[in-house]
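Position 59 of the sequence shown, counting from 1, maps to 298 under the working numbering, and the rest follow consecutively.
Since the structure comes first, as structure tokens, the remarks are kept for the end.
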Amino acid sequence: SQQRDVYVREAQKRIENIKQKLSRAEIAEAQAQLAEIATATSFDLAGSGATLDRLEENLDQRMTDAMGKARVASDAASTGDWKLKAEEEAALEKQALAEFATAMGLAAAPAAAPVQPLPMERDLGPAQGA
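This is how it looks when you write it as structure tokens:
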């Protein structure tokens, strides 16, 4: 429906906005942590390398997690389209199967009561009683 399409577009815009904000927040946090490392009173060169490695690994992990969450949210927003399409296909399949069964005489028409066979008219020979 049109309302659903509008909702999906709005949700996708919000997801993109959140992704951008998350990226800016991660950059700001990384800059703050680097500033803390640079101004530490006991600045150990060997230790700072390990700290920077941990910081980078932590940021990589957070970025991977955030991308995964964004992907899941995006997929969840678009699954409504697939679900609707799947329901539509299932309904069409049921309808086609019911029509086939009726055409083959395997089942009665879906919305109708069982049909009684009509008496066949004779067309061979003279009519009786005439």
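Just so you know, even glycine gets a beta-carbon here, dropped at the ideal spot from N, CA and C.
In this text the structure is predicted, and so the values were computed from the model without any measurement.
Check: Give every residue of the same chain whose Cβ lies closer than 6 Å to the Cβ of LYS258, excluding the five residues on either side of it in the sequence, and list them in chain order.; Outcome: ALA309
Check: Report, in whole angstroms, the separation of the C-beta atoms of LEU294 and ALA269, which I expect to be a contact under 8 Å.; Outcome: 7 Å
Check: Pull up the distance between the alpha-carbon of GLU327 and that of THR341, whole angstroms please.; Outcome: 21 Å
Check: Spatial neighbours of SER240 within its chain, please: CB distance less than 6 Å, with the 5 preceding and 5 following residues excluded, ordered by chain position.; Outcome: none
Check: Would you say ALA342 touches the ligand PLP, meaning its beta carbon is less than 7 Å from a heavy atom?; Outcome: Ligands displayed in this structure: none; no statement on the ligand PLP is therefore possible.
Check: Could you give the first and the last residue of the continuous alpha helix (DSSP H) run that contains SER262?; Outcome: 241 to 277
Check: Go ahead and pull the three-state DSSP assignment for MET343.; Outcome: coil
Check: Assuming GLU275 and LEU298 form a contact by the criterion Cβ under 8 Å, report the distance between their Cβ atoms to the nearest whole angstrom.; Outcome: Wrong, their Cβ atoms sit about 14 Å apart, outside the cutoff.
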